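In mature numbering (1 follows the signal peptide of the UniProt record, and there is no 0), the protein residues as written are -19 to -1, 1 to 302. Even for Gly, the Cβ is constructed at its ideal location relative to N, Cα and C. As the structure is a prediction and not an experimental result, all values here were calculated from the model. Here's the structure, in structure tokens; my notes come after.
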């Protein structure tokens, strides 16, 4: 006759065993985990691992030895977690690291020496954290860094020379911070920089020599600030500039870089109260940029041109100049 199973045994048979979330696979080269309930960085990853993505989880802390035994690791993606601090020795076991993404965490700062051994790092993303200041020590040992994203933080200043060791940097994103000004020398050392994003700050003025340290710049984004005037000649050092965005500031007069041979400058100057007098008209006729958002690029003065599109006024040639 059949035996009657005990209630406890029956329960064990009916409830499936659940493995730990995101268990690593032996000899794998990539590890991906987006389990929302994960709160501890996975252990036991094989030494063959080249890339780790632990994102959109409940991870709040990292022990100093979390990356031990991963000497070949090249990419570490830790975006959209709950990290509020990182231990200074965290990256010492991974000297070949090339990509570090810490987007959308809760980091108010970083240990001074956290990047002391990551000499091969090329992409560093610290976007959407709570950084209030930049520590010069972070950048002293990053000679190969190409991409640095510091957007959507709470930075109020960029100290002169803080980026000086980053001679290879191509792209710097400082958008959507709280920068009211850029100190002279803030961009010093960035001789290879090609892309600079300062969108969505509180910039009211810029010094005449702001962009002198970045002569290789090709793309410059200054939209959604509070700029009321541009110093004469501020863009003269930027002979390779191909995109300039000055939209939605408080500018009445315009400065432009010298016109280089080749394609026209892509220029967005929409959302400013332009004075469409002789100076602006003559400048736009001489440089002949390719204006974007022309419907939102209108004159605020003089009275006879108020509300008219700047491009139409320039083309009409009836300004009396």
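Query, Result
"Element boundaries [alpha helix (DSSP H), containing residue 297]", "291 to 297"
"Helix, strand or coil at residue 262 [DSSP, three-state]", "helix"
"DSSP-derived helix/strand/coil call for residue 284", "helix"
"Contacting residues, own chain, Cβ-Cβ under 8 Å from residue 79 (five flanking each side not counted)", "55, 56, 101, 102, 103 and 104"
"Sub-8 Å separation of residue 220 and residue 254 beta-carbons", "no"
"Closest by C-alpha distance to residue 149, when choosing among 121, 156 and 209", "121"
"Residue environment, residue 6, which counts as buried when at least 16 other CB atoms sit within 10 Å", "exposed"
"Nonlocal neighbours in the same chain, by C-beta distance under 6 Å from residue 188, ignoring five residues either side", "165"
"Residue 13: first and last residue of the uninterrupted beta strand (DSSP E) it sits in", "11 to 14"
"Rounded C-alpha distance that separates residue 291 from residue 279", "5 Å"
"Residue 10 to residue 75 span [Cα, whole Å]", "15 Å"
"CB contact flag (residue 274, residue 251, <8 Å)", "yes"
"Reduced DSSP secondary structure (H/G/I, E/B, other) of residue 133", "coil"
"Buried versus exposed call for residue 259 [16 or more other C-beta atoms within 10 Å across all chains shown]", "exposed"
"When 123, 110 and 266 are compared against residue 297, the one with the closest alpha-carbon", "266"
"DSSP state of residue 118 mapped onto helix, strand, coil", "helix"
"Span separating the alpha-carbon of residue 305 from that of residue 110", "There is no way to answer for residue 305, as the model of the chain reaches only from -19 to 302."
"DSSP beta-bridge partners of residue 177", "153 and 201"
"Cβ separation of residue 90 and residue 73, assumed to be a contact under 8 Å, to the nearest whole Å", "That belief does not hold up - the Cβ atoms of residue 90 and residue 73 are roughly 19 Å apart, past 8 Å."
"Spatially closest choice to residue 140 from 84, 3, 191 and 32, by CA coordinates", "191"
"Cα-Cα separation between residue 135 and residue 143, rounded to whole angstroms", "17 Å"
"Alpha-carbon to alpha-carbon, residue 218 and residue 199", "11 Å"
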